[in-house]
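Numbering (the numbering used here), first residue to last: 3 to 186.
Read the structure below first, then the notes.
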Amino acid sequence: MSTFSDRDRTALMVIDVQNNVVADAYQREETIGNINELVKRARESGAPVVWVQHSDEEMEVGSADWEIVPELSPAAEETVIQKIYGDSFEGTNLEEVLSSAGVGRLVVSGAQSDACIRSTVHGAFTRGYDVTLVSDAHTTSDMTEWGAPAPEVAIAHINLYWQFQGAPGRTAAVVSTQDVDFRS
């Protein structure tokens with residue numbers, strides 16, 4: 003029910019699951035395993051899979067830190083978006099990619115929960131997308147030394163508040179990996 007009358011497809015977004023980003027992420031293996039399951043199911047259902055890679059001074063394009071983790075692998079025909087901001091839409095062609103694929107609903111996974119995931123789900127929602135956050139397929143690192151809550155608290159908080167988002171013509175949802183349906 004997104005605000006796009008001509009976009010009835012669902013896409014899976016895999017955000018910033020890169021070597022540097024998830025090196026010490028909370029429940030790294032479980033989260034990547036869930037993302038792998040989502041990628042498999044999206045491909046089987048014909049849903050587009052869109053990969054996002056962040057770059058900055060610490061993760062230069064082409065470096066080992068910048069690479070997507072070896073446990074995950076974009077298919078040759080899948081789009082990989084390069085970004086430098088938290089919101090995957092800012093300064094990228096993500097909107098054009100989704101529009102041309104007829105996508106109005108996003109299923110979001112990846113890292114960091116309290117940074118790029120949060121920014122992207124809000125960015126997508128304000129742009130008119132229905133946004134489903136996969137509760138057990140996003141993660142973050144321990145940033146308590148900078149005043150952030152512990153990773154499990156940050157993840158739980160984002161899962162809690164996202165399920166109560168609302169706006170005209172859009173829906174927000176939080177579901178587990180097993181409950182994701184790429185057909186709706």
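C-beta atoms are modelled at their ideal positions from N, C-alpha and C, and glycine is treated no differently.
Computed from a predicted model, the values in this text were never measured in an experiment.
Quiz prompt | Limits of the unbroken alpha helix (DSSP H) element including GLY125 | solution = Here the question's residue 125 lines up with position 123 in the sequence shown. Here the alpha helix (DSSP H) through GLY125 covers 120-128.
Quiz prompt | Local Cβ density within 10 Å of ASN36, reported as buried at 16 or more and exposed below that | solution = Reading the sequence shown from its first residue, position 34 is the one you call residue 36. Burial call: buried.
Self-check item: Coarse secondary structure for SER47, derived from DSSP in three states
Solution: Here residue 47 refers to the residue found at position 45 when the sequence shown is read from its first residue. It is helical.
Quiz item: Is there contact here, the stretch 5-21 with the stretch 104-123, by at least three beta-carbon pairs under 8 Å?
Solution: yes
Quiz item: Apart from the five residues just before and just after ASP138, which ones in its own chain have a Cβ nearer than 6 Å to its Cβ?
Solution: Numbered from 1 along the sequence shown, position 136 holds the residue referred to as residue 138. Same-chain partners within the cutoff: ASN36, SER178, THR179.
Self-check item: Proximity of THR33 and VAL24 at Cβ, strictly below 9 Å
Solution: To locate residue 33, count along the sequence shown from 1; it is residue 31. To locate residue 24, count along the sequence shown from 1; it is residue 22. Yes; because the gap between Cβ atoms is below 9 Å, this pair is in contact.
Self-check item: Span separating the alpha-carbon of ALA13 from that of GLY149
Solution: Taking the first residue of the sequence shown as position 1, residue 13 is located at position 11. Taking the first residue of the sequence shown as position 1, residue 149 is located at position 147. Spanning the two alpha carbons is a distance of roughly 34 Å.
Quiz item: At what residue ranges does the stretch 64-117 contain a whole run of the alpha helix (DSSP H), taking only runs of 4 or more?
Solution: 96-102
Practice problem: Look at the Cβ atom of ALA113, then the Cβ atom of GLN20, and state whether they are nearer than 9 Å. | Solution: For the purposes of this step, residue 113 is taken as residue 111 along the sequence shown, with counting starting at 1. For the purposes of this step, residue 20 is taken as residue 18 along the sequence shown, with counting starting at 1. ALA113 is a Cβ neighbour of GLN20, given a cutoff of 9 Å.
Quiz item: What's the C-alpha gap between ILE157 and VAL82?
Solution: Position 155 of the sequence shown, counted from the first residue, corresponds to residue 157. Position 80 of the sequence shown, counted from the first residue, corresponds to residue 82. Between ILE157 and VAL82, the C-alpha separation is close to 25 Å.
Quiz item: Which whole-angstrom value is the C-beta distance of ASP18 and CYS118, which I expect to be below 8 Å?
Solution: Along the sequence shown, one-based indexing puts residue 18 at 16. Along the sequence shown, one-based indexing puts residue 118 at 116. Contact holds; Cβ gap of about 5 Å.
Exercise. Identify whether ARG185 lies in helix, strand or coil by the three-state DSSP scheme.
Key: Here residue 185 refers to the residue found at position 183 when the sequence shown is read from its first residue. Looking at ARG185 - three-state DSSP - the assignment turns out to be coil, as it is neither helix nor strand.
Quiz item: Sorted by chain position, which residues of the same chain lie with C-beta nearer than 6 Å to VAL176's C-beta, five sequence neighbours on each side aside?
Solution: Residue 176 sits at position 174 when you count from the first residue of the sequence shown. Only LEU135, SER137, ASN161, TRP164, GLN165 meet the Cβ criterion.
Quiz item: Alpha carbon to alpha carbon, what distance is there between THR128 and GLY195?
Solution: There is simply no residue 195 to check, as the chain begins at 3 and stops at 186 in what is shown.
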